[in-house]
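Colleague: Sharing a structure, written as structure tokens. Questions coming.
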Amino acid sequence: MQVSETSPVAVVSGVTAAVQGETLLDQGWTALRRDDWRRAEQHFHRALAIGQAASDPEDLAVAARLGLAHVRYSEGDPGLALAEGLRALADAAGRADHYGWEIPLHQLLADTCAEVGAPQRSIGFRLSVIRLLRGETGADSFEVAEACYQLGETLLALGVYGGAAAGLAEAVRILEMYQPEERRSLMEVQLLQARALARAGRFDDAEAVFQSLLPLMRRVRGEGSAEEAALWTNRGAALAAQKRFSEAGAMFERANMLRAADPETTPERMAILWSYWSALLRAEGNLARARDLAERAVRALEEAVAPARYLAFEALGRAIEEQGDYVKAETVCRRALERMRRDGVLDLFEFSRMMLWHAALLDRNGREQEGDEARARASEAIERLAKVPALDAWTPASPRVA
Numbered sequence: 001m002q003v004s005e006t007s008p009v010a011v012v013s014g015v016t017a018a019v020q021g022e023t024l025l026d027q028g029w030t031a032l033r034r035d036d037w038r039r040a041e042q043h044f045h046r047a048l049a050i051g052q053a054a055s056d057p058e059d060l061a062v063a064a065r066l067g068l069a070h071v072r073y074s075e076g077d078p079g080l081a082l083a084e085g086l087r088a089l090a091d092a093a094g095r096a097d098h099y100g101w102e103i104p105l106h107q108l109l110a111d112t113c114a115e116v117g118a119p120q121r122s123i124g125f126r127l128s129v130i131r132l133l134r135g136e137t138g139a140d141s142f143e144v145a146e147a148c149y150q151l152g153e154t155l156l157a158l159g160v161y162g163g164a165a166a167g168l169a170e171a172v173r174i175l176e177m178y179q180p181e182e183r184r185s186l187m188e189v190q191l192l193q194a195r196a197l198a199r200a201g202r203f204d205d206a207e208a209v210f211q212s213l214l215p216l217m218r219r220v221r222g223e224g225s226a227e228e229a230a231l232w233t234n235r236g237a238a239l240a241a242q243k244r245f246s247e248a249g250a251m252f253e254r255a256n257m258l259r260a261a262d263p264e265t266t267p268e269r270m271a272i273l274w275s276y277w278s279a280l281l282r283a284e285g286n287l288a289r290a291r292d293l294a295e296r297a298v299r300a301l302e303e304a305v306a307p308a309r310y311l312a313f314e315a316l317g318r319a320i321e322e323q324g325d326y327v328k329a330e331t332v333c334r335r336a337l338e339r340m341r342r343d344g345v346l347d348l349f350e351f352s353r354m355m356l357w358h359a360a361l362l363d364r365n366g367r368e369q370e371g372d373e374a375r376a377r378a379s380e381a382i383e384r385l386a387k388v389p390a391l392d393a394w395t396p397a398s399p400r401v402a
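Count the sequence shown with our numbering and you get residues 1 to 402, in order.
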């Protein structure tokens, strides 16, 4: 076969191919770190050509495809990054990892799956990252803790609350052994852990975490921090779920005071607090104030793209429902569901709960057929939730390529 002198596949056999390919990989990653995506792409494409043409390419082609996937991801196209990453995974079958691509590849696939709206598929890749990081020794590290945190965060967003609590508990266990004195990362993970525990109905466990967190927060951030306001908000929501309304109200009062005094408080944070507080007031029968707080939450997020938007619309819709205006309540409920879709809310449990509420409103308005359709969609969401990979084992095999 005749090749030109400028061809990247010239003299690509044995050691020469490996050295040339490794040089191109290094140049590609250097360009990527400098945000020179075009040059990085050129280097990775040349490395890929060498890997595909060499008689014994080993895993050079896989490493090059990983680089190309990162270029696509850096350019803001997670869909193309995922496609390139899956090609790399297919190429990787049976090859040894000489270029250190295995863990970054699974991490990239987990991130891109989550970003393109396929969080269930990302779970398998996140579990694989944990398995690969631990290796044969089962050793823990900061990287393992981060991977466990990302797994827990993904599961919580998906509505798998028990699994999220397990993943976050693993991250906490590791961070408690290794974290420096300030423990900022530990604090953030524990707050998410408490939220997951409460959503899973493990209120006593959640309360224990909340109580241990407060002195840590005040030591690290000082009294009255934004993190403390988040703690009071989440603790109040957990107490309200147990119908401990007086205690929950005190938590929301504290959170509101801290949020109002913080110039960096975002509309989303205020809206989350007001939405939870509105639900509490509605349960106590204070419908006028519940509706007022819900309307304030909706106005705060009117122009925002925020996952919490649907909560504000739900709080408003339920207050209107309690006041007996089922037609308007159904309209607001539909807006809440639309916000969930537009804002990328992936929580299947929450979607099912909202669809069941919508079905009940449709029934009240004499639209039973549409109500049945809404209930069917709720059932589909629960069935999808049941298909999330089991988390009994922390060392599953790598996900299959479709």
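Positions of the beta carbon are idealized from the N, C-alpha and C atoms, including for glycine.
Skipping 5 residues on each side, what residues in its chain have a beta carbon closer than 7 Å to that of glycine 249?
Modeller: Reading the sequence shown from its first residue, position 249 is the one you call residue 249. For glycine 249, where only same-chain residues beyond five positions count, the Cβ hits under 7 Å are Leu280.
Colleague: Nearest-angstrom Cα distance between leucine 151 and leucine 186?
Modeller: Here the question's residue 151 lines up with position 151 in the sequence shown. Here the question's residue 186 lines up with position 186 in the sequence shown. Those two C-alpha atoms are separated by around 16 Å.
Colleague: Which residues in the same chain have their Cβ closer than 7 Å to the Cβ of glutamate 84, if we skip the five residues on either side of it in sequence?
Modeller: As a position in the sequence shown, residue 84 is number 84, starting the count at 1. So the qualifying residues of the chain are Arg65, Leu68, Ala69 and Arg72.
Colleague: By Cβ distance, which residues of its chain are closer than 7 Å to arginine 107, with the 5 residues on each side in sequence left out?
Modeller: For the purposes of this step, residue 107 is taken as residue 107 along the sequence shown, with counting starting at 1. The sequence given here places glutamine at residue 107; arginine does not occur at that position. Counting only Cβ-Cβ distances below 7 Å, and skipping sequence neighbours, we find Val129.
Colleague: How many angstroms separate the CA atom of valine 3 from the CA atom of phenylalanine 44?
Modeller: Here the question's residue 3 lines up with position 3 in the sequence shown. Here the question's residue 44 lines up with position 44 in the sequence shown. Below a pLDDT of 50, predicted positions are generally treated as unreliable, and valine 3, at 38, falls in that range; no measurement from the model is reported.
Colleague: To the nearest angstrom, how far is the alpha carbon of isoleucine 382 from that of glutamate 223?
Modeller: Working through the sequence shown from its first residue, we reach residue 382 at position 382. Working through the sequence shown from its first residue, we reach residue 223 at position 223. For isoleucine 382 and glutamate 223, the distance between alpha carbons rounds to 41 Å.
Colleague: Report buried or exposed for aspartate 111, applying the criterion of at least 16 other Cβ atoms within 10 angstroms of its Cβ.
Modeller: For the purposes of this step, residue 111 is taken as the residue at position 111 of the sequence shown. Result: buried.
Colleague: Can you tell me where the alpha helix (DSSP H) holding aspartate 91 begins and where it ends?
Modeller: Counted from its first residue, the sequence shown places residue 91 at position 91. Per DSSP, aspartate 91 belongs to the alpha helix (DSSP H) from 78-91.
Colleague: Could you check whether the segment 308-324 touches the segment 275-291, counting it as contact only if at least three pairs of C-beta atoms, one from each stretch, sit closer than 8 Å?
Modeller: Yes, the segment 308-324 is in contact with the segment 275-291.
Colleague: If you reduce the DSSP assignment to three classes, tell me which class alanine 165 lands in.
Modeller: The count along the sequence shown starts at 1 and reaches residue 165 at position 165. Alanine 165: helix per DSSP, three-state reduction.
Colleague: Check for me: the alpha helix (DSSP H) holding threonine 112 runs from which residue to which?
Modeller: The count along the sequence shown starts at 1 and reaches residue 112 at position 112. Here the alpha helix (DSSP H) through threonine 112 covers 102-115.
Colleague: What is the residue span of the alpha helix (DSSP H) that valine 160 lies within?
Modeller: In the sequence shown, the residue the question calls residue 160 occupies position 160. Valine 160 -> no alpha helix (DSSP H), and no H or E assigned at all.
Colleague: For isoleucine 103 and leucine 155, which I take to be in contact (beta-carbon distance under 8 Å), what is that distance rounded to the nearest angstrom?
Modeller: As a first step, residue 103 is located in the sequence shown; it is residue number 103 there, counting from the start. As a first step, residue 155 is located in the sequence shown; it is residue number 155 there, counting from the start. Not quite, the Cβ-Cβ distance comes to about 20 Å (not below 8 Å), so this is no contact.
Colleague: Specify the secondary structure class of valine 209 as computed by DSSP and reduced to three states.
Modeller: As a working mapping, residue 209 is identified with position 209 in the sequence shown. Note: valine 209 maps to helix in three-state DSSP.
Colleague: Taking the beta carbon of proline 78 as the centre, do at least 16 other beta carbons fall within 10 Å, making it buried, or is it exposed?
Modeller: Position 78 of the sequence shown, counting from 1, holds the residue named residue 78. With 16 or more Cβ atoms within 10 Å of its Cβ, proline 78 is classed as buried.
Colleague: In angstroms with no decimal places, state the Cα-to-Cα distance between leucine 316 and leucine 273.
Modeller: Numbered from its first residue, the sequence shown carries residue 316 at position 316. Numbered from its first residue, the sequence shown carries residue 273 at position 273. So the alpha carbons of these two residues sit roughly 13 Å apart.
Colleague: Which two residues bound the contiguous alpha helix (DSSP H) that contains glutamate 373?
Modeller: Position 373 of the sequence shown holds residue 373. Where glutamate 373 is concerned, the enclosing alpha helix (DSSP H) stretches over 368-386.
Colleague: Taking threonine 233 as part of the alpha helix (DSSP H), name the residues at either end of that continuous run.
Modeller: Translated into positions along the sequence shown, residue 233 becomes position 233. From DSSP, the alpha helix (DSSP H) with threonine 233 extends over 226-241.
Colleague: Per DSSP, what kind of secondary structure is glycine 135 in: helix, strand or coil?
Modeller: In the sequence shown, counting from the first residue as 1, residue 135 sits at position 135. Residue state, collapsed to three classes: coil.
Colleague: Kindly indicate which three-state DSSP category asparagine 256 falls into: helix, strand or coil?
Modeller: Mapped onto the sequence shown, residue 256 falls at position 256. Asparagine 256 falls in the helix class under three-state DSSP.
Colleague: To the nearest whole angstrom, what separates the beta carbons of asparagine 234 and alanine 198, a pair I think is in contact under 8 Å?
Modeller: The residue labelled residue 234 in the question sits at position 234 within the sequence shown. The residue labelled residue 198 in the question sits at position 198 within the sequence shown. Yes, asparagine 234 and alanine 198 are in contact; Cβ-Cβ is about 7 Å, under 8 Å.
Colleague: Looking at the structure shown, is leucine 346 part of a helix, part of a strand, or coil, going by DSSP?
Modeller: Locating residue 346 in the sequence shown gives position 346, counting from the first residue. Leucine 346 falls in the coil class under three-state DSSP.
Colleague: Can you give the beta carbon distance from cysteine 148 to alanine 165, rounded, assuming they're within the 8 Å contact cut?
Modeller: As a first step, residue 148 must be located in the sequence shown, where it is residue number 148. As a first step, residue 165 must be located in the sequence shown, where it is residue number 165. The Cβ separation is near 11 Å, so there is no contact.
Colleague: What does a CB cutoff of less than 7 Å around methionine 270 pick up in its chain, not counting 5 residues either side in sequence?
Modeller: For the purposes of this step, residue 270 is taken as the residue at position 270 of the sequence shown. Only Arg259 and Ala300 meet the Cβ criterion.
Colleague: Residue ranges of each alpha helix (DSSP H) run of no fewer than 4 residues wholly in the segment 245-315, ordered along the chain?
Modeller: You should have 245-261, 267-283 and 287-300.
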